[in-house]
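Residue numbers (my numbering): 59 to 629. No residue lacks a Cβ here, since even glycine has one placed at the ideal position from N, Cα and C.
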Amino acid sequence: MNFDNLHLVEPLLKAVTACGYEEPTPIQRETIPPVLAGRDVLGCAQTGTGKTAAFALPILQRLYTERKQQTGKRAIRALVLTPTRELAMQIYENFQEYGKGMQLRSCVIFGGVAQRPQTENLRRGVDILVATPGRLCDLINQGYIALNQLEVFVLDEADRMLDMGFITDVRKVIALLPEKRQTLLFSATMPFEVETLALTILNNPATVKVDPVSSTVDTIDQSLYMVDKMNKKNLLADILQQPEVKSALVFTRTKHGADRVVRDLSREGINSMAIHGDKSQAARQQALADFKRGKIHVLVATDIAARGIDIAGLSHVINFDLPNEPEAYVHRIGRTGRAGMEGIALSFCCIDEMKDLRGIEKLVGRKIPRLTSKWPMGVFTETVKQPRQPRAPRMAAGEVQRTYSKPMRSSNSFGDRKPSRPAQPRTRTQGSGYQTDRDGMGQARPQRAPRANAVQGSGYQRDRNAVPSSAPRATRTSMPQATAMKATPLERPTRTSSVRKSSSFDGSSRSSYGASHSSTHSAASGSTHSKSYESNGAKQRTYQGDKPASESYGHKRRYPRRPLATGEDRI
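What follows is the structure, given as structure tokens:
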């Protein structure tokens with residue numbers, strides 16, 4: 059059976075011939091006729107079987123034969139929703155290649171790039187839109203996209219859409235679609251969530267199941283290396299340097315792991331590039347373009363790029379890390395052996411990935427053949443559950459079990475004993491503090507000399523053992539002429555000046571400072587001000603005339619207070 063038997067129009071037949079397609083694949087033979095008849099389709103087939111052409115060719119033929127006379131800009135008539143950017147770009151390129159000469163416009167939108175070029179294409183009008191859920195919802199909210207005239211809706215890689223958490227955005231988009239439409243749903247696996255989604259959006263669909271769910275292509279030669287984790291990079295470099303490896307796609311579990319593999323390969327002189335979610339869209343597209351043109355022979359990717367990479371002539375797929383989900387293994391190795399060509403899939407497994415390996419072999423339904431290398435796994439042991447040791451018998455009521463680590467001694471036990479050490483007398487020297495003579499190990503601290511008696515009334519340098527004097531202080535009187543005081547060795551000398559007045563204090567101690575105090579000041583008006591303090595602490599004030607501008611209380615000052623200046627002093 060060839061494409062002529064599928065009743066395709068002449069432009070499409072020329073396009074498939076130019077692409078090198080000789081006969082349709084099983085999924086294409088089963089899908090194209092019901093799509094041309096206008097029925098909904100639920101397609102389940104393994105990756106790499108030609109699903110893109112299975113829905114792209116009939117959509118192009120329907121839009122080409124049912125062209126409408128439109129006076130304004132073109133409305134979106136077909137929408138293809140994909141989970142990843144790489145897959146969206148791949149589908150868009152296929153539409154461009156298949157639809158040459160059909161005068162149909164197509165556009166692709168996805169995140170990670172500026173939206174201005176995409177919105178400009180939408181303003182000019184498009185017939186076919188290929189999009190990812192995130193950017194599609196953003197442009198719908200901004201008013202750039204209207205889906206009220208949609209005729210065909212395609213949900214590709216539905217299982218991957220659920221895994222990436224796009225189910226909420228998908229339901230939002232479906233709610234905006236017209237009820238009268240044709241819906242096509244394709245998935246490599248068919249979990250329960252996908253079946254539930256298919257029941258809600260499909261109307262009496264034609265079910266197409268070409269191969270068993272999650273099966274692998276027979277043209278792919280699968281092998282497995284048991285290797286330690288530390289030797290994976292050595293084994294990878296040894297395989298990539300073999301002449302039969304034309305091009306290789308290496309899959310890692312994490313983004314940092316992909317960058318680490320690229321660095322390790324560069325040390326071995328192997329040129330490679332990495333694509334993952336942290337790379338910009340421009341860098342990812344440049345890496346894919348260089349890989350397809352043959353500028354680089356090794357491409358390191360994460361699971362985000364497992365779908366959407368369609369590289370003709372890819373000889374090897376290497377699983378540097380086994381995936382956590384067994385379904386991801388099917389999509390990884392499906393990048394090779396496409397369109398009936400042969401391919402080789404190699405996987406590395408360390409002791410920590412044995413659980414993932416068992417899940418993969420259970421999914422594919424067979425045991426993956428093992429290969430040996432120069433770096434075999436050093437020690438491979440499975441954990442065997444040891445039988446529980448029997449418990450000791452329980453003690454009877456009232457019975458006490460004693461366990462001793464060494465024989466007990468009593469006062470009556472015989473045998474040679476080490477004589478006890480006689481007690482040593484302890485001596486302590488007065489004033490020694492912590493440096494006492496403990497068993498003759500320390501020296502006594504020398505006793506301090508007695509403090510010298512300070513002059514009474516000299517501030518802090520007074521005799522602390524002296525009894526405070528209750529004698530009243532001398533009266534402080536402002537003198538018209540400056541008087542220089544003769545200071546004792548421990549007293550602070552007072553300032554002397556021809557203008558400032560000085561005060562004199564007697565030698566009474568600080569403790570008796572506030573016992574009794576009286577002072578008089580001469581003011582400009584000639585009035586006097588006096589106040590007295592009694593020894594019992596009661597304060598009495600006596601004013602004669604007006605109250606002076608300032609008064610001196612009984613607290614001690616470091617320097618004498620400057621008296622009020624009279625008229626003569628001002629002159």
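Through-space distance from residue j to residue i, alpha-carbon basis
{"i": "residue 311", "j": "residue 361", "result": "7 Å"}
{"i": "residue 87", "j": "residue 266", "result": "10 Å"}
{"i": "residue 92", "j": "residue 99", "result": "7 Å"}
{"i": "residue 633", "j": "residue 340", "result": "There is simply no residue 633 to check, as the chain begins at 59 and stops at 629 in what is shown."}
{"i": "residue 76", "j": "residue 146", "result": "22 Å"}
{"i": "residue 283", "j": "residue 386", "result": "19 Å"}
{"i": "residue 447", "j": "residue 417", "result": "33 Å"}
{"i": "residue 97", "j": "residue 262", "result": "8 Å"}
{"i": "residue 406", "j": "residue 395", "result": "20 Å"}
{"i": "residue 182", "j": "residue 125", "result": "17 Å"}
{"i": "residue 139", "j": "residue 110", "result": "12 Å"}
{"i": "residue 328", "j": "residue 120", "result": "48 Å"}
{"i": "residue 301", "j": "residue 292", "result": "17 Å"}
{"i": "residue 409", "j": "residue 415", "result": "10 Å"}
{"i": "residue 287", "j": "residue 256", "result": "42 Å"}
{"i": "residue 438", "j": "residue 252", "result": "Low confidence applies here, because residue 438 scores a pLDDT of 49, under 50, leaving its location unreliable and the question unanswered by this model."}
{"i": "residue 222", "j": "residue 309", "result": "18 Å"}
{"i": "residue 220", "j": "residue 201", "result": "26 Å"}
{"i": "residue 351", "j": "residue 151", "result": "16 Å"}
{"i": "residue 356", "j": "residue 173", "result": "31 Å"}
{"i": "residue 258", "j": "residue 73", "result": "35 Å"}
{"i": "residue 148", "j": "residue 411", "result": "32 Å"}
Neighbourhood of residue i by C-beta, 6 Å cutoff - its chain only, sequence neighbours within 5 removed
{"i": "residue 400", "result": "277"}
{"i": "residue 391", "result": "278, 375 and 403"}
{"i": "residue 94", "result": "116"}
{"i": "residue 381", "result": "387"}
{"i": "residue 342", "result": "333"}
{"i": "residue 234", "result": "205"}
{"i": "residue 203", "result": "197"}
{"i": "residue 317", "result": "332"}
Within 8 Å, strictly: CB atoms of residue i and residue j
{"i": "residue 250", "j": "residue 214", "result": "no"}
{"i": "residue 193", "j": "residue 232", "result": "no"}
{"i": "residue 307", "j": "residue 388", "result": "no"}
{"i": "residue 195", "j": "residue 180", "result": "no"}
{"i": "residue 187", "j": "residue 137", "result": "yes"}
{"i": "residue 175", "j": "residue 228", "result": "no"}
{"i": "residue 141", "j": "residue 224", "result": "yes"}
{"i": "residue 212", "j": "residue 113", "result": "yes"}
{"i": "residue 333", "j": "residue 347", "result": "no"}
{"i": "residue 67", "j": "residue 122", "result": "yes"}
{"i": "residue 81", "j": "residue 59", "result": "yes"}
{"i": "residue 236", "j": "residue 199", "result": "no"}
{"i": "residue 426", "j": "residue 393", "result": "no"}
{"i": "residue 303", "j": "residue 358", "result": "no"}
{"i": "residue 197", "j": "residue 177", "result": "yes"}
{"i": "residue 101", "j": "residue 338", "result": "no"}
Distance between beta carbons of residue j and residue i, contact taken as under 8 Å
{"i": "residue 260", "j": "residue 241", "result": "6 Å"}
{"i": "residue 64", "j": "residue 90", "result": "5 Å"}
{"i": "residue 185", "j": "residue 132", "result": "6 Å"}
{"i": "residue 354", "j": "residue 330", "result": "6 Å"}
{"i": "residue 103", "j": "residue 285", "result": "Contact flag wrong, Cβ pair sits at about 33 Å."}
{"i": "residue 281", "j": "residue 429", "result": "5 Å"}
Spatial neighbours of residue i in its chain, beta-carbon cut-off 7 Å, leaving aside the 5 residues before and after
{"i": "residue 159", "result": "69"}
{"i": "residue 154", "result": "164"}
{"i": "residue 315", "result": "379"}
{"i": "residue 7", "result": "For the chain, the structure presents residues 59 to 629; residue 7 sits outside this window and is missing."}
{"i": "residue 539", "result": "Here residue 539 scores only 48 on pLDDT, less than 50, and its place in the model is too uncertain to base an answer on."}
{"i": "residue 108", "result": "83, 85, 86 and 397"}
{"i": "residue 289", "result": "433"}
{"i": "residue 162", "result": "118, 121, 122, 185 and 186"}
{"i": "residue 31", "result": "Because residue 31 is not part of the residues shown, which for the chain are 59 to 629, the question remains open."}
{"i": "residue 230", "result": "195"}
Residues near residue i in its chain [Cβ-Cβ closer than 8 Å; skip 5 each side]
{"i": "residue 336", "result": "313"}
{"i": "residue 435", "result": "284, 285, 286, 408 and 409"}
{"i": "residue 254", "result": "none"}
Cβ of residue i within 8 Å of any chain B Cβ
{"i": "residue 59", "result": "Absent from the structure: chain B. Only one protein chain is present."}
Check your understanding: Counting pairs of Cβ atoms below 8 Å between the stretch 322–330 and the stretch 368–382, do you hit three or more?
Key -> no
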